[in-house]
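Chains as they are written, first to last, in my numbering: chain A, 1 to 639; chain B, 640 to 976.
The beta carbon of each residue, even a glycine, is placed where N, CA and C say it ideally should be.
Remember, it's a predicted structure, so these values are computed and weren't measured experimentally.
Shown next, in structure tokens, is the structure this report addresses.
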Amino acid sequence: MTAAPHPSTHPPAASEASAETSSRTERLSRVVIRFAGDSGDGMQLTGDRFTSETASFGNDLSTLPNFPAEIRAPAGTLGGVSSFQLHFADHDILTPGDAVDVLVAMNPAALKANLADLRPGGELLVNSDEFDSRALTKAGYDASPLDDDSLQGYRLHPVPLTSLTVEALKEFGLSRKEAQRAKNMFALGLLSWMYHRPTEGTEKFLKSKFAKKPEIAAANIAAFKAGWNFGETTEDFAVSYEIAPAADTFPSGTYRNISGNLALSYGLLTAARQADLPLFLGSYPITPASDILHELSKHKNFGVRTFQAEDEIAAAGAALGAAFGGSLAVTSNSGPGMALKSETIGLAVALELPMVIVDIQRGGPSTGLPTKTEQADLLQTMYGRNGEAPVPIVAPRTPADCFDAALEAVRIALTYRTPVYLLSDGYLANGTEPWRIPELHELPDLRVNFADGPNHTLDDGTEVFWPYKRDPLTLARPWAIPGTPGLEHRIGGIEKQDGSGSISYDPANHDFMVRTRQAKVDGVWVPDVEVDDPHGANTLVLGWGSTYGPVTAAVRRLRRAGERIAQAHLRHVSPFPRNLGEVLGRYERVVVPEMNLGQLATLLRARYLVDVHSHTQVSGMPFKAEQLAAVLKEEIHAA
Amino acid sequence: MRLELSARDFKSDQEVRWCPGCGDYAILSAVQGFMPELGVARENIVFISGIGCSSRFPYYMNTYGMHSIHGRAPAIATGLAVSRPDLSVWVVTGDGDALSIGGNHLIHALRRNVNLKILLFNNRIYGLTKGQYSPTSELGKITKSTPMGSLDAPFNPVSLALGAEASFVARTVDSDRKHLTEVLRAAHRHPGTALVEIYQNCNIFNDGAFEVLKDRQQAQESVIRLEHGRPVRFGADGAKGVVRDRATGELKVVEVTPQNEADVLVHDAHAASPTTAFALSRLADPQTLHHTPIGVFRDVERPVYDTTMADQLEAAVEQHGKGDLAAVLAGTDTWSR
Chain A
1 MTAAPHPSTH PPAASEASAE TSSRTERLSR VVIRFAGDSG DGMQLTGDRF
51 TSETASFGND LSTLPNFPAE IRAPAGTLGG VSSFQLHFAD HDILTPGDAV
101 DVLVAMNPAA LKANLADLRP GGELLVNSDE FDSRALTKAG YDASPLDDDS
151 LQGYRLHPVP LTSLTVEALK EFGLSRKEAQ RAKNMFALGL LSWMYHRPTE
201 GTEKFLKSKF AKKPEIAAAN IAAFKAGWNF GETTEDFAVS YEIAPAADTF
251 PSGTYRNISG NLALSYGLLT AARQADLPLF LGSYPITPAS DILHELSKHK
301 NFGVRTFQAE DEIAAAGAAL GAAFGGSLAV TSNSGPGMAL KSETIGLAVA
351 LELPMVIVDI QRGGPSTGLP TKTEQADLLQ TMYGRNGEAP VPIVAPRTPA
401 DCFDAALEAV RIALTYRTPV YLLSDGYLAN GTEPWRIPEL HELPDLRVNF
451 ADGPNHTLDD GTEVFWPYKR DPLTLARPWA IPGTPGLEHR IGGIEKQDGS
501 GSISYDPANH DFMVRTRQAK VDGVWVPDVE VDDPHGANTL VLGWGSTYGP
551 VTAAVRRLRR AGERIAQAHL RHVSPFPRNL GEVLGRYERV VVPEMNLGQL
601 ATLLRARYLV DVHSHTQVSG MPFKAEQLAA VLKEEIHAA
Chain B
640 MRLELSARDF KSDQEVRWCP GCGDYAILSA VQGFMPELGV ARENIVFISG
690 IGCSSRFPYY MNTYGMHSIH GRAPAIATGL AVSRPDLSVW VVTGDGDALS
740 IGGNHLIHAL RRNVNLKILL FNNRIYGLTK GQYSPTSELG KITKSTPMGS
790 LDAPFNPVSL ALGAEASFVA RTVDSDRKHL TEVLRAAHRH PGTALVEIYQ
840 NCNIFNDGAF EVLKDRQQAQ ESVIRLEHGR PVRFGADGAK GVVRDRATGE
890 LKVVEVTPQN EADVLVHDAH AASPTTAFAL SRLADPQTLH HTPIGVFRDV
940 ERPVYDTTMA DQLEAAVEQH GKGDLAAVLA GTDTWSR
């Protein structure tokens, strides 16, 4: 996926691709591969490596890791299956793919849990060594599916991956158990051969990962090469596939593959540099947000202070304290942690200090689905505080977009002196895509001015500092940090007198302050929402956040099939873009797909009195483009 | 230095709104009187409080200040102190704020040893919510929420702090300005978190809670003044002393005689182990407050969180050079178009 304009014509999907058979190589336009195995089989690592190879080869790509919340669920069970899906293509793509073209199943449980997603006729590579009666029973098979005809609808490749790996490594003097652990690298080697992936990167990676254990590095590399050679020499794999680099779809520049959480962390690091402020992160470990704490704690040489607090309340509190002191303050969390931070965010609203609250949404309520995605915190971030406590909300649309969205959240926080939610989710957090690395000179200037002297003259001519005397344009109050002589002042959660900031219980003043805080957030400048409507459609599909990929892919499908549909996508959910009401009013029918029970739809109906059609899914998984296209097609024809 | 400040310089323009006769007035006055001797400019001093009567304190200090939310002041102050090691950060809290809703933040601030001075005003009652029992109220206390008496065993804040690895723990009394000031002075000198429990009279909802420690005659038998390096003796003419029970290792109060005089405990606030300080904290009877030690229980140096965090940032620059954003963004696996 890229943020680049979409080409007007699109190559056909793989299933429709003309397969030019040139001796032993077929040319495909796109492929979806899923590696699936036990939690301990190293599937995430295998997927990551295949992704890196694919990225450096120059395909466009999108990934979907999917793993259980348990670190080591009982081995061999359905609950312990971990998978990594990768969609790559010679053109720009938007999602990790719906149907899987190639499934690698490392054990019976992985087969059972993933087979339904493999398209008919798809390639099915299974580790036949693991299909013994004990493993079959654990996965709930009465008989081995390799021995009956239940898999005849697929191109089945039973490969004894474990024993082949052990055999390949017999000269390394490893125990059988140690040697077996390299079977994921054997599988990676085989798939790398099948799809003509470059191999240098993986060899380099293994050498550096096992730098302290060179014999383990050598064994893994040997297993990787053995897998490659197995593909080349075995008749079962007579055909390999080429997917050309997606040369035309990327703007020129230097690229890397990046996950949402990494892009978000880099966005914060970059924002601090652009604002010329020290970065402070208060956090408490929670899936799937912890990566941000891990990443930022690596960058102490940028002056980044990361603070692992005793709980999410303290994490938010410490960030707010740092904001008072003049840091670019951030707190990151997910799920139930969000609930704990509400009171502190309310205080940040009252204090009118800049702060970014990162919420990597996951399945809820309560502990919910810690490793799965959802968009169900929208109304909580919008309204989940006592009193009238408006907060701007910025929602990234793709993994790489998390970088830009972080800069945008910081811009709003610093300009308007307000807490801002950065509302990502588990799908964006762990998914990856190519990212054009920005040149430093392209980055926005986020510098701020701290207050440095009196800003008000009393009737008697005395020059004083008023902490709540606002900028008339932004309604932001001055940021006067401790250490500034003459600006000593006290702020707090009790209602303040407009201007002076002294405690005030005056009814008229409270009414004024409540309305002013709301007006400040309503007045945050956000760009107009853009509508993509090449054919003058009657139906508009409006998404927000991480549904961008599947929605856009569905829209492309529909347009290829001759349907007319308009698309718009919200990055700013609070405040809404100024032109949103006008845009909604232009269409006969507005459809809003969301991974919740219709939270954005509720907001739109309340605000614009538009009969929004809500399409929802809360399965912990992103929308599939094909299913979404079918739903939208019905909506188009019902309009 | 131009810092010729007086107590008046630390008075803000806000009208003080505690109940007439509240012990908080005496503490405010003592703090304002003591601040000038710190030699710290007003702009570099920050008072952060939570919620409760005592937490109005920052409004009355002409320094930077934040009146935050219930129980969270230590967390907020931690973020400020670690990101701004140049500041002198003070937390003002009460027994409900620090020990009930904010107990978690308090113990973690103490174990981290952040450079915070925490003043815990203990009046053994909830004042701002008009008279419910607090985590330091005595067992059986009759209050609005406990008409048949409180069922909760109270916390001893000094014992709690010592258990939480505090490096500085002291107790003083609102009405004893000299002692209060001495303790504040010691707290300020201490690098790291200092917890000062201040017994404070709530004349509306718990009047006379500490009378046994204030009434001259009773105090002689009730108050044990701890002074580093001095034998722990109290009572008329120091007739009583604290000795270690050889059988149990615990501390006990005895009549001092020529035979046992040499056995009287000599107070060592700098002892590496908190064991004896803890034993001292257990001498007081939680119901009657008889044998209540005041003074500095513990004052030891150990690494200060904000300093060690700043050291890590410096070490990171030494090891890896100053952060190079372009290099980080590019990473190691890139390709060009």
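Check, Outcome
"Closer than 8 angstroms to chain A by CB, D972(B)", "yes"
"Proximal residues of chain B, C-beta to C-beta of R311(A) below 8 angstroms", "In the sequence under discussion, the amino acid at residue 311(A) is Asp, which differs from the Arg named in the question. Per Cβ cutoff of 8 angstroms: N743."
"Residue(s) in a DSSP beta bridge with G704(B)", "R490(A), F686(B)"
"Buried or exposed by the 16-neighbour rule on C-beta atoms within 10 Å, applied to D963(B)", "exposed"
"Sequence-distant residues of its chain with Cβ nearer than 7 angstroms to F794(B) (five each side left out)", "L738, P774, T775"
"CA nearest to the CA of Q951(B), picked from H299(A), G317(A), K633(A)", "H299(A)"
"Exposure of Q567(A), with buried meaning 16 or more beta-carbon neighbours within 10 Å", "buried"
"Opposing strand residues paired with Q567(A) [DSSP bridges]", "D532(A), V541(A)"
"Cα-Cα separation between P108(A) and Y141(A), rounded to whole angstroms", "8 angstroms"
"D498(A) Cβ short of 7 angstroms to the ligand COA heavy atom set", "With respect to the ligand COA, the structure shown offers nothing to examine, as it has no ligands at all."
"Enclosing beta strand (DSSP E) for F280(A) [first to last residue]", "279 to 283"
"Members of the stretch 933 to 966 of chain B that neighbour chain A once the beta carbon cut-off is set at 7 angstroms", "M948, Q951, L952, A955, V956, H959, G960, K961, G962, L964, A965"
"Cβ-based neighbour list, T832(B), same chain, cut-off 6 angstroms, excluding 5 preceding and 5 following", "A748, L749, N752, V753, L755"
"Beta-carbon spacing of V410(A), L347(A) below 8 angstroms", "no"
"Assigned secondary structure, Y838(B) (DSSP; H/G/I helix, E/B strand, else coil)", "strand"
"L801(B) to E940(B) span [Cα, whole Å]", "14 angstroms"
"Proximity below 8 angstroms, CB of R695(B) to CB of L644(B)", "no"
"Presumed contact (8 angstroms Cβ cut-off) between R589(A) and E635(A), rounded CB distance", "6 angstroms"
"Same chain, Cβ closer than 6 angstroms to T971(B), five either side skipped, listed in chain order", "none"
"Residue-level contact to chain B via CB, T21(A), 8 angstroms cutoff", "Note on T21(A): pLDDT 36, under 50, position unreliable in the model; the coordinate value appears next. By this cut-off, T21(A) is not an interface position."
"Nearest to I258(A) (by Cα), restricted to the options L570(A), V32(A), D471(A), T54(A)", "T54(A)"
"When R586(A), V349(A), L320(A), K204(A) are compared against M382(A), the one with the closest alpha-carbon", "V349(A)"
"Nearest-angstrom Cα separation, counted from L206(A) out to F1061(B)", "The displayed coordinates of chain B run from 640 to 976. Any statement about residue 1061(B) would go beyond what the structure contains."
"Outcome for L262(A) when other beta-carbon atoms lying within 10 angstroms are tallied against a minimum of 16", "buried"
"Boundaries (first-last residue) of the alpha helix (DSSP H) holding R273(A)", "260 to 275"
"Partner residues on chain B for R273(A), Cβ-Cβ distance less than 7 angstroms", "L964"
"Straight-line Cα distance separating T927(B) from I746(B)", "26 angstroms"
"Reduced DSSP secondary structure (H/G/I, E/B, other) of P108(A)", "helix"
"Any chain B beta carbon closer than 8 angstroms to R447(A)", "no"
"Beta bridge counterpart(s) of H456(A) as assigned by DSSP", "V464(A)"
"Contact check, I687(B) vs V730(B), beta carbons under 8 angstroms", "yes"
"Proximal chain A residues relative to A680(B), where beta-carbon distance stays under 8 angstroms", "P485"
"Residues near S23(A) in its chain [Cβ-Cβ closer than 6 angstroms; skip 5 each side]", "The predicted position of S23(A) is uncertain, since its pLDDT is 40 and thus under 50; a value taken from the coordinates is nonetheless stated next. Contacts found: none."
"Contact between the stretch 625 to 632 of chain A and the stretch 551 to 558 of chain A (3+ Cβ pairs under 8 angstroms)", "yes"
"Simplified DSSP state of E26(A), which is helix, strand or coil", "strand"
"Amino acids of chain A, ordered along the chain, whose beta-carbon sits closer than 8 angstroms to that of Y698(B)", "R490, G492, I503"
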